[in-house]
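Below is one structure, written out as structure tokens, with a few remarks after it.
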Amino acid sequence: MTLTAANPVDTNPNLRFLEEVSAATAGVSRLEMCIQCGTCGGSCPSSADMDHTPRLLFAMIRAGMRDEALRSNTPWICVSCYHCVVRCPQNVHIADVMYTLKSMAIRAKLYKDSTAPDFSQTFVDMVENYGRSYEFGLATRHYLKHFAMRLPGMAPMGLGMLTRKRMDMTPTRIDNIEQLKKILARAKELEDRS
Amino acid sequence: MSKYLFYPGCSMETSASAYYDSLMAIREPLGIELDEIRDWNCCGATEYLGISITPAYALISRNLALARKQADGSRTLVAPCSACYLNLAKADYYMQESPLLSERVNEALEAGGLSYRPGSLTIRHLLDVIINDIGLDTVSSKVVKPLKGLRVAPYLGCMVPRPDYEKRWSDAEYPNELDRLLKTLGAEVIDFPLKTHCCGGHMTQISPSTAFELIRRLIHAADQYKADLMVTLCPMCQLNLDAYQNETNHHFHTNYRMPVIFFTQLMGIAFGIDPKKLGFGKEIVNAAPALSRIGVETPVTQEPGPRKKRKDTGLPMPRMPGEEEVS
Numbered sequence: 000m001t002l003t004a005a006n007p008v009d010t011n012p013n014l015r016f017l018e019e020v021s022a023a024t025a026g027v028s029r030l031e032m033c034i035q036c037g038t039c040g041g042s043c044p045s046s047a048d049m050d051h052t053p054r055l056l057f058a059m060i061r062a063g064m065r066d067e068a069l070r071s072n073t074p075w076i077c078v079s080c081y082h083c084v085v086r087c088p089q090n091v092h093i094a095d096v097m098y099t100l101k102s103m104a105i106r107a108k109l110y111k112d113s114t115a116p117d118f119s120q121t122f123v124d125m126v127e128n129y130g131r132s133y134e135f136g137l138a139t140r141h142y143l144k145h146f147a148m149r150l151p152g153m154a155p156m157g158l159g160m161l162t163r164k165r166m167d168m169t170p171t172r173i174d175n176i177e178q179l180k181k182i183l184a185r186a187k188e189l190e191d192r193s
Numbered sequence: 000m001s002k003y004l005f006y007p008g009c010s011m012e013t014s015a016s017a018y019y020d021s022l023m024a025i026r027e028p029l030g031i032e033l034d035e036i037r038d039w040n041c042c043g044a045t046e047y048l049g050i051s052i053t054p055a056y057a058l059i060s061r062n063l064a065l066a067r068k069q070a071d072g073s074r075t076l077v078a079p080c081s082a083c084y085l086n087l088a089k090a091d092y093y094m095q096e097s098p099l100l101s102e103r104v105n106e107a108l109e110a111g112g113l114s115y116r117p118g119s120l121t122i123r124h125l126l127d128v129i130i131n132d133i134g135l136d137t138v139s140s141k142v143v144k145p146l147k148g149l150r151v152a153p154y155l156g157c158m159v160p161r162p163d164y165e166k167r168w169s170d171a172e173y174p175n176e177l178d179r180l181l182k183t184l185g186a187e188v189i190d191f192p193l194k195t196h197c198c199g200g201h202m203t204q205i206s207p208s209t210a211f212e213l214i215r216r217l218i219h220a221a222d223q224y225k226a227d228l229m230v231t232l233c234p235m236c237q238l239n240l241d242a243y244q245n246e247t248n249h250h251f252h253t254n255y256r257m258p259v260i261f262f263t264q265l266m267g268i269a270f271g272i273d274p275k276k277l278g279f280g281k282e283i284v285n286a287a288p289a290l291s292r293i294g295v296e297t298p299v300t301q302e303p304g305p306r307k308k309r310k311d312t313g314l315p316m317p318r319m320p321g322e323e324e325v326s
């Protein structure tokens, strides 16, 4: 991004955060189009567990409340069901804005609870090393770290999955993992530069 | 014979192997040939997008690039898993919408000697292909064992009918495709109001109580409508509703026993294929009692039973209430 000289009369500096979120979103976010109707929160199956409804979160972004927005658990509780997306009268790409906020919160280390970011990161680590997801490794590593007390309770389910051959004890690796690693390394450079 | 490029996705090889087995078994009667993308990688599910955008789209797009290279005749890429289908479709759609994203992704792909021109493949879900290409007339002509008397709750979950970039589905919230297919198989199909509600996705790992509530709503509704079983088209939905049903029961002190199977398994049964080839017995909540009601016998996996207590000949030891002595 090229830096431009600051406008001597910056009429609304709060909008910089909105612009940042919008620019970081894949495709066209349409976040600027939000009319604060609240259809998103009303359609959300998990809004009861959220710090802020999506509508309120978008109002905070528009008000430039960067830290508060990136600390909110809302993007992490979003289940990516796209109910809000298809109902939004302004066609805001809400689910993708939630993904953007997660990645920004990780970069800024501003999330409150590390359970969700750790889960995503562990999943991604497995994929970067093997080219495939690895459920057994992911579940055991994640549960040991975050829900160790729940592990005994989960054992029958894990055993049921193993006896039915629905879970592999060992990971599968793609043939051309080196190619994938090169692609991802280049992609990370590009991401850091943006 | 209709030929398609095929992206199975990680779940089909492990947790949803019943989906894979049954799909392989119904290829021939349906007349479809699936050309699996060689050396495909994970699509990143709903995890990579939340970590870093460019690598996430590069990961998805390696598959698109490989598929396009392998395309021989058909340019249609079929995915049976909802998350894979959406990720592949989303990457293709957003790269068309945003040239900047396409540029970045292609720069990354170049590091691996690959490239992808957005829009050069058509990405579709398996159910869409069966309904709209193969057609219900063909499906109907293959039915030798109508599923008469079996009450099924059609459950699609979120990511197939939504956000639906290409407007392929009859409705984003209440699509009728799965209902029509199951009716063609002769089943009694419940008008299921929660058919595209969320199963909780990865919340079982992040916020279990959030997930258990979403699972409970679905199982409870299917039970209220007196469904014999739920039918789904998504590996994640099947895993959550089936494998986490016991945990959900435990959490709410309920006692549901609702089998959850894949639509391809029921297609196989209606086509008269041996249930052993359709992945039955892999479900945690046993589907055999439901299917025996229409005279179909399916394999059952024996649970490893509780360890037998040894005969107590040693010194008297303290016992937990309810523990019985084996004589």
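Chains as they are written, first to last, in numbering that gives the first Met the number 0: chain V, 0 to 193; chain U, 0 to 326.
From the three backbone atoms N, C-alpha and C, an ideal C-beta is built for every residue, glycine too.
Keep in mind it's a predicted model, so treat the numbers as computed, not measured.
With 16 other Cβ atoms within 10 Å as the buried cut-off, status of residue i
i	result
residue 17 (chain V)	buried
residue 102 (chain V)	buried
residue 8 (chain V)	exposed
residue 143 (chain U)	exposed
residue 154 (chain V)	exposed
residue 192 (chain U)	exposed
residue 40 (chain U)	buried
residue 98 (chain U)	exposed
residue 333 (chain U)	No statement about residue 333 (chain U) is possible, as the shown extent of chain U runs from 0 to 326 and does not include it.
residue 326 (chain U)	Model confidence at residue 326 (chain U) stands at a pLDDT of 46, short of 50, so the residue's coordinates are unreliable; what they give is reported in the following sentence. By the 10 Å Cβ count, residue 326 (chain U) comes out exposed.
residue 86 (chain U)	buried
residue 192 (chain V)	exposed
residue 37 (chain U)	exposed
residue 150 (chain V)	exposed
residue 197 (chain U)	buried
residue 140 (chain U)	exposed
residue 62 (chain U)	buried
Candidates the options, of which the one nearest residue i by Cα
i	options	result
residue 228 (chain U)	U:181, U:237 and U:286	U:286
residue 47 (chain U)	U:30, U:60 and U:225	U:60
residue 71 (chain U)	U:273, U:120, U:211 and U:51	U:120
residue 110 (chain V)	V:74, V:188 and V:89	V:74
residue 67 (chain V)	V:56, V:77 and V:76	V:56
residue 29 (chain V)	V:46, V:62 and V:87	V:87
residue 82 (chain U)	U:292, U:198, U:233 and U:246	U:233
residue 61 (chain V)	V:144, V:21, V:116 and V:76	V:21
residue 251 (chain U)	U:276, U:209 and U:259	U:209
residue 1 (chain U)	U:64, U:53 and U:75	U:75
residue 53 (chain U)	U:249, U:106, U:88 and U:66	U:106
residue 163 (chain V)	U:8, U:15 and U:50	U:15
residue 109 (chain U)	V:26, V:186 and V:27	V:186
residue 181 (chain V)	U:23, U:58 and U:9	U:58
residue 7 (chain U)	U:90, U:122, U:96 and U:207	U:122
Residues bridged to residue i (per DSSP)
i	result
residue 34 (chain U)	U:4
residue 154 (chain U)	U:231
residue 327 (chain U)	Because residue 327 (chain U) is not part of the residues shown, which for chain U are 0 to 326, the question remains open.
residue 188 (chain U)	U:151
residue 339 (chain U)	Since the first and last residues shown for chain U are 0 and 326, residue 339 (chain U) lies out of range.
Proximal residues to residue i (C-beta, below 8 Å), its chain only, five neighbours per side dropped
i	result
residue 257 (chain U)	218, 221, 222, 226, 228, 229, 240, 244 and 284
residue 14 (chain V)	61 and 63
residue 177 (chain V)	none
Contacts around residue i, its chain only, beta-carbon distance under 6 Å, and the 5 residues preceding and following it disregarded
i	result
residue 100 (chain V)	74
residue 125 (chain U)	77 and 79
residue 179 (chain V)	130
Cβ-based neighbour list, residue i, same chain, cut-off 7 Å, excluding 5 preceding and 5 following
i	result
residue 297 (chain U)	274, 279, 280, 286, 287 and 290
residue 80 (chain V)	44
residue 94 (chain U)	100, 101, 104 and 117
residue 132 (chain V)	122, 125 and 126
residue 58 (chain V)	35
Inter-residue Cα distance where the pair is residue i and residue j
i	j	result
residue 84 (chain V)	residue 294 (chain U)	43 Å
residue 101 (chain U)	residue 159 (chain V)	43 Å
residue 299 (chain U)	residue 127 (chain U)	31 Å
residue 11 (chain V)	residue 34 (chain V)	18 Å
residue 238 (chain U)	residue 187 (chain U)	24 Å
residue 13 (chain U)	residue 29 (chain U)	24 Å
residue 119 (chain V)	residue 42 (chain U)	13 Å
residue 216 (chain U)	residue 184 (chain V)	42 Å
residue 94 (chain V)	residue 246 (chain U)	28 Å
residue 161 (chain V)	residue 27 (chain U)	30 Å
residue 264 (chain U)	residue 231 (chain U)	10 Å
residue 224 (chain U)	residue 173 (chain U)	17 Å
residue 42 (chain V)	residue 211 (chain U)	19 Å
residue 68 (chain U)	residue 136 (chain U)	33 Å
residue 347 (chain U)	residue 175 (chain V)	What the structure shows of chain U is the stretch from 0 to 326, and residue 347 (chain U) is not part of that stretch, so it cannot be assessed.
residue 11 (chain U)	residue 166 (chain V)	11 Å
Near the ligand GTP: residue i beta-carbon under 6 Å from a heavy atom
i	result
residue 78 (chain V)	Within the structure as shown, the ligand GTP is missing, as the structure has no ligands at all.
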